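Here's the structure, in structure tokens; my notes come after.
Protein chains: 2
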Amino acid sequence: MAGAPQLDGFFSKVDELTPKFIERLAAAVAIPSISAEDARRPDVVRMGHFLESELKALGAEVELRPLGKQPGKEHLDLPPVVVARYGNDKSKRTILVYGHYDVQPAEKSDGWNTEPFELTVKEDGKMLGRGSTDDKGPVLGWLNAIEAHQKAGVDFPVNLLMCFEGMEEYGSEGLDDFIIAEKDKYFKDADAVCISDNYWLGTEKPCLTYGLRGCNYYSIEVSGPGADLHSGVFGGTAQEPMTDLVRVMGSLVDTHGKIQIPGIMEQVAPLTKEEETLYDGISFTMDNIHESLGSKTTIFEDKKSTLMGRWRYPSLSLHGIEGAYSQPGAKTVIPAKVIGKFSIRTVPDMDIDTTNECVAKYVKEQFAKLGSKNTLKVYPQHTGKWWVASPKHWNFSAAAKAVERVWGVAPDFTREGGSIPVTLTFEQATGKNVLLLPMGSSTDGAHSINEKLDKRNYVEGIKLLGAYLHYVAAEPTS
Amino acid sequence: MAGAPQLDGFFSKVDELTPKFIERLAAAVAIPSISAEDARRPDVVRMGHFLESELKALGAEVELRPLGKQPGKEHLDLPPVVVARYGNDKSKRTILVYGHYDVQPAEKSDGWNTEPFELTVKEDGKMLGRGSTDDKGPVLGWLNAIEAHQKAGVDFPVNLLMCFEGMEEYGSEGLDDFIIAEKDKYFKDADAVCISDNYWLGTEKPCLTYGLRGCNYYSIEVSGPGADLHSGVFGGTAQEPMTDLVRVMGSLVDTHGKIQIPGIMEQVAPLTKEEETLYDGISFTMDNIHESLGSKTTIFEDKKSTLMGRWRYPSLSLHGIEGAYSQPGAKTVIPAKVIGKFSIRTVPDMDIDTTNECVAKYVKEQFAKLGSKNTLKVYPQHTGKWWVASPKHWNFSAAAKAVERVWGVAPDFTREGGSIPVTLTFEQATGKNVLLLPMGSSTDGAHSINEKLDKRNYVEGIKLLGAYLHYVAAEPTS
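Protein chains in written order, with numbering that gives the first Met the number 0: chain A, 0 to 477; chain B, 0 to 477.
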């Protein structure tokens with residue numbers, strides 16, 4: 000463990016190899032590894048083999064680990080997890096990195112300006128293609144960093160363990176069990192974990208992400224009649240489940256996002272002075288959110304409240320109603336059974352069981368007030384814990400130094416409003432610090448048409464991943 | 000115009016011809032004249048030709064009137080209206096009857112116990128088959144009545160104008176314009192109108208129907224963001240259209256059916272003592288509604304309030320939400336634009352424009368209370384007036400006497416909660432009294448699987464239609 004790492008040789012080699020690295024990304028984008036479409040499963044597997052072959056060529060030890068049949072689709076094998084080790088020097092730190100090689104669906108006819116499975120590099124540096132930023136660019140970033148070290152003759156600063164899955168866009172089927180099973184085997188040596196599968200908060204300033212909200216998803220079921228009814232015949236004589244459900248759903252949250260369920264906000268960790276000051280420096284404006292919303296219908300008028308609303312406070316969203324009439328047009332049905340769906344994004348120090356109890360109690364109370372003869376059920380469909388890491392750990396301070404070195408600016412320390420469940424799984428399985436280190440920017444459109452990765456973010460991102468590993472090697476234990 | 004008609008010869012001929020009349024119904028049921036399915040359009044037309052040929056064989060003058068292309072499906076011709084005249088004696092009254100020869104969709108796999116397009120006559124008299132009761136049985140009832148008169152050598156007591164359409168189960172496309180265009184031509188001579196296309200209130204007692212509720216169908220549209228949002232990213236920062244919509248929809252009506260919109264109940268005609276006493280004698284019990292509901296979740300606990308809730312008071316039903324998540328499972332979407340659907344069943348003396356104004360005003364007020372930045376629209380999708388005829392007209396008193404003669408019991412005078420828009424069109428176009436004279440019973444399951452017509456209702460129904468025409472001929476002008 001020494002002072003500031005020597006990185007110039009590595010950096011200039013990355014610049015020199017850029018055309019080759021873009022070709023590698025183009026080859027990966029050309030494989031339509033869509034995990035949600037059964038017919039594309041062979042392409043997902045082909046993408047796993049592509050990674051295996053590229054890794055082997057770089058001298059890594061690679062294994063394709065089968066995950067068995069896909070639950071609910073037993074005619075389909077899950078694509079393998081590609082695990083690899085590069086370096087096995089006991090005197091070096093070992094970093095476990097995660098990424099995924101499957102992509103979201105895409106069809107030219109969805110509205111793409113280019114062929115989605117042909118990487119198109121524009122003059123302004125936009126590299127368009129499905130998977131360019133989510134997550135083939137970042138995954139290949141690790142491979143490119145290895146190659147640039149080799150060709151520059153620079154010693155690789157750590158042992159790298161890699162875990163690349165092929166089902167991330169379809170709920171990471173089978174992965175949790177695999178991670179837990181391998182925690183004392185393949186992943187035993189990991190000193191820290193790094194995941195590059197999220198995005199900058201904006202377009203100009205890199206960030207390190209240390210927190211994610213959890214998500215508890217609930218159903219409220221109201222039923223009465225034996226079958227759907229005609230409103231001409233039964234309107235005015237039957238108590239309608241839809242009336243009851245809408246009244247109960249209307250009592251959960253208000254227009255300004257205020258959750259009406261007692262016992263939720265009470266669980267939220269108080270805001271400390273220290274945390275509050277973190278928000279001031281973050282590169283984010285109300286224009287940013289208005290642009291991404293496509294409207295000015297925000298709850299708050301200031302940056303700090305908006306970021307807190309996204310990151311550190313819970314929110315409650317009503318998603319829809321199953322069983323009611325949802326088509327265009329006019330149908331005069333009285334639905335016999337309706338299921339309202341809503342979710343609560345959870346934050347420190349909310350407890351899943353306590354939250355479930357508060358929800359069930361409140362919903363039952365609201366329904367009881369109606370004096371209805373209909374039948375109510377309320378239950379969680381799935382729950383997931385929030386995640387917050389310590390941004391003071393050496394894993395983060397190494398990454399922060401790497402950002403300053405590559406981008407010339409100190410990163411924002413951010414959280415995210417959504418959940419990336421594998422983050423928590425890696426933390427819980429390995430017991431090590433997990434860092435989210437994004438490569439792409441907020442405008443990449445990961446799940447949209449015209450997904451892109453900026454050439455600058457790809458090239459500087461490869462440098463950042465390599466530099467991060469050097470600072471990891473140099474950082475004292477915190 | 001003389002005293003009680005001689006009907007014994009006609010009645011015994013109906014009994015004698017019953018096997019033939021059942022064969023005629025079986026031949027009609029065998030033609031799958033489903034108006035909602037494009038591929039079945041030739042079968043609908045075939046059914047029109049079947050009626051034409053049967054009517055011609057009975058000596059009626061028949062015309063098939065084209066209605067042009069189907070709106071929105073210009074590759075499809077609408078099936079023709081079959082109009083026919085039987086008798087042209089200026090000294091007789093002329094009765095215009097309406098029915099429809101198309102049917103609801105049906106597949107054995109929907110849960111039918113028998114082939115839907117094969118009439119199956121059970122030992123208990125149930126005649127199962129799609130269209131048996133809705134509306135092929137009643138339509139053929141008129142033809143059978145003519146044939147029985149001919150074979151019994153009984154003079155037909157009136158001139159009969161018939162109007163049988165082939166699109167009733169698909170919104171009667173084109174029919175209103177046709178009726179209005181023919182009011183002073185084909186339908187000019189009509190002295191009264193009789194429609195047999197509804198059902199008894201129960202299973203044992205015939206009824207005559209003199210009123211229907213109207214239906215105003217509304218949409219409430221709330222929009223904000225430019226596209227659907229992820230609740231992880233935007234939950235807690237954006238004002239959600241779904242939250243606003245559910246709150247507004249929840250303010251329209253309560254569990255007990257009480258409409259919360261000012262100005263609606265104020266328009267309802269006061270209940271007179273005379274009307275109130277009508278309800279006492281009606282054959283209907285709470286067990287009946289519990290059975291048809293499949294539950295005990297009624298608003299009221301007594302018969303009179305229940306019948307009034309269905310017939311003479313308005314009701315408001317929430318049907319569903321377009322644009323929100325409506326599938327099984329869990330999706331964490333914040334819908335960008337949601338459209339709530341609800342309808343109000345209208346009654347005398349409600350005015351369509353006044354009702355629309357009350358709805359728009361109230362919905363806007365409720366939305367304004369939320370203090371939301373989202374955008375609201377509220378508008379009627381379609382409106383339709385209620386209909387109430389005078390049950391004291393000779394058309395009704397003739398039918399009442401015919402019911403007593405055939406069934407040995409005075410009919411219930413009923414209204415219905417639903418709408419049959421053609422009723423109002425015939426009344427407005429001809430300016431004559433319209434009677435709804437049902438053949439089938441409440442358990443026939445017109446739009447359900449295992450639709451049936453009881454043999455007793457078919458045979459006595461043929462007698463009833465014929466007897467009604469004799470009493471019409473005998474009834475003094477009222």
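Ideal Cβ placement from N, Cα and C applies to all residues, glycine included. What you are looking at is a predicted structure, and each value in this text was computed from that prediction instead of being measured.
With 16 or more other Cβ atoms from the protein chains shown falling within 10 Å of its own Cβ, residue 458/A counts as buried. Secondary-structure assignment with DSSP links residue 199/B through no beta bridge to anything. Sequence-ordered contacts of the region 288-317 of chain A with chain B read 288, 291, 292, 293, 294, 295, 296, 297, 298, 299, 304, 305, 306, 307, 308, 309, 310, 312, 313, 314, 315, 316 and 317 [C-beta pairs closer than 9 Å]. In the assembly as shown, residue 270/A is an exposed residue. Its beta-carbon has fewer than 16 other beta-carbons within 10 Å.
Taking residue 121/B as reference, the option from 451/B, 469/B, 465/B and 229/B with the minimal CA-CA separation is 451/B.
Residues of chain A with a Cβ closer than 8 Å to the Cβ of residue 248/B are, in chain order, 245 and 249. If only complete runs of 4 or more residues are kept, the region 386-454 of chain A shows the alpha helix (DSSP H) at 393-406 and 420-429, in order along the chain. Within chain A, not a single residue places a beta-carbon under 9 Å from that of residue 210/B; the smallest gap is close to 12 Å. Membership of residue 75/A in the beta strand (DSSP E) is indicated by the continuous run 72-76. In the three-state reduction of the DSSP assignment, residue 95/B falls in the strand class, which pools E and B.
Listed along the chain, the chain A residues whose CB falls inside 7 Å of the CB of residue 171/B amount to none; the nearest CB is some 15 Å away.
Taking 8 Å as the upper bound for CB-CB distance, residue 7/B and residue 448/B are not in contact here, some 39 Å apart. One finds nothing in chain B with a Cβ atom closer than 9 Å to the Cβ of residue 99/A; even the nearest lies about 18 Å away. Put simply, of 156/A, 137/A, 150/A and 39/A the residue whose alpha carbon is nearest the alpha carbon of residue 162/A is 137/A.
Under the Cβ criterion of 9 Å, residue 373/B is counted among the residues facing chain A.
Taking a contact to require three or more Cβ pairs closer than 8 Å, the region 214-222 of chain B and the region 375-386 of chain B qualify as touching.
In this structure, the straight-line span from the alpha carbon of residue 326/A to that of residue 333/A is close to 14 Å.
Fewer than three Cβ pairs drawn from the region 246-261 of chain B and the region 399-411 of chain B lie within less than 8 Å of each other, which leaves the two stretches out of contact. Closest by C-alpha distance to residue 442/A, out of 292/A, 361/A, 428/A and 432/A, is 292/A. Contacts with chain B at 9 Å (Cβ-Cβ) do not include residue 26/A.
Pairing residue 238/A with residue 239/B, the inter-Cα distance amounts to about 28 Å. Contact of residue 236/B with chain A is assigned, a C-beta pair being separated by under 9 Å. Minimum Cα-Cα distance from residue 384/A among the listed residues 413/A, 345/A, 369/A and 366/A corresponds to 345/A.
Distance from the CA atom of residue 86/A to the CA atom of residue 96/A, rounded to whole angstroms, is 14 Å. Put simply, the backbone Cα of residue 212/A is about 20 Å away from that of residue 174/A. For residue 75/B, the number of other beta carbons within 10 angstroms of its own is below 16, and it is reported as exposed.
The beta-carbon distance between residue 27/A and residue 124/A, rounded to whole angstroms, is 19 Å. This is too long to meet the 8 Å contact definition. Residue burial annotation: residue 275/B is exposed, with fewer than 16 other C-beta atoms found within 10 angstroms of its C-beta.
Runs of the alpha helix (DSSP H) lying entirely within the region 139-188 of chain B, each at least 4 residues long, are 174-181 in chain order.
The C-beta distance from residue 229/B to residue 331/B rounds to 6 Å, short enough to fall under 8 Å. With 16 or more neighbouring CB atoms inside 10 Å of its own CB, residue 23/B falls in the buried class. In this structure, residue 15/A sits away from residue 78/A, with a CB-CB distance that is not shorter than 9 Å. If you look at residue 341/A, you'll find it in the beta strand (DSSP E) that goes 336-345. A Cβ of chain B is located within less than 9 Å of the beta carbon of residue 380/A. Contact between residue 343/A and residue 354/A holds, with the beta-carbon distance rounding to 7 Å and staying under 8 Å. Against chain A, a Cβ distance below 8 Å from residue 283/B picks out nothing, because the smallest value is about 11 Å.
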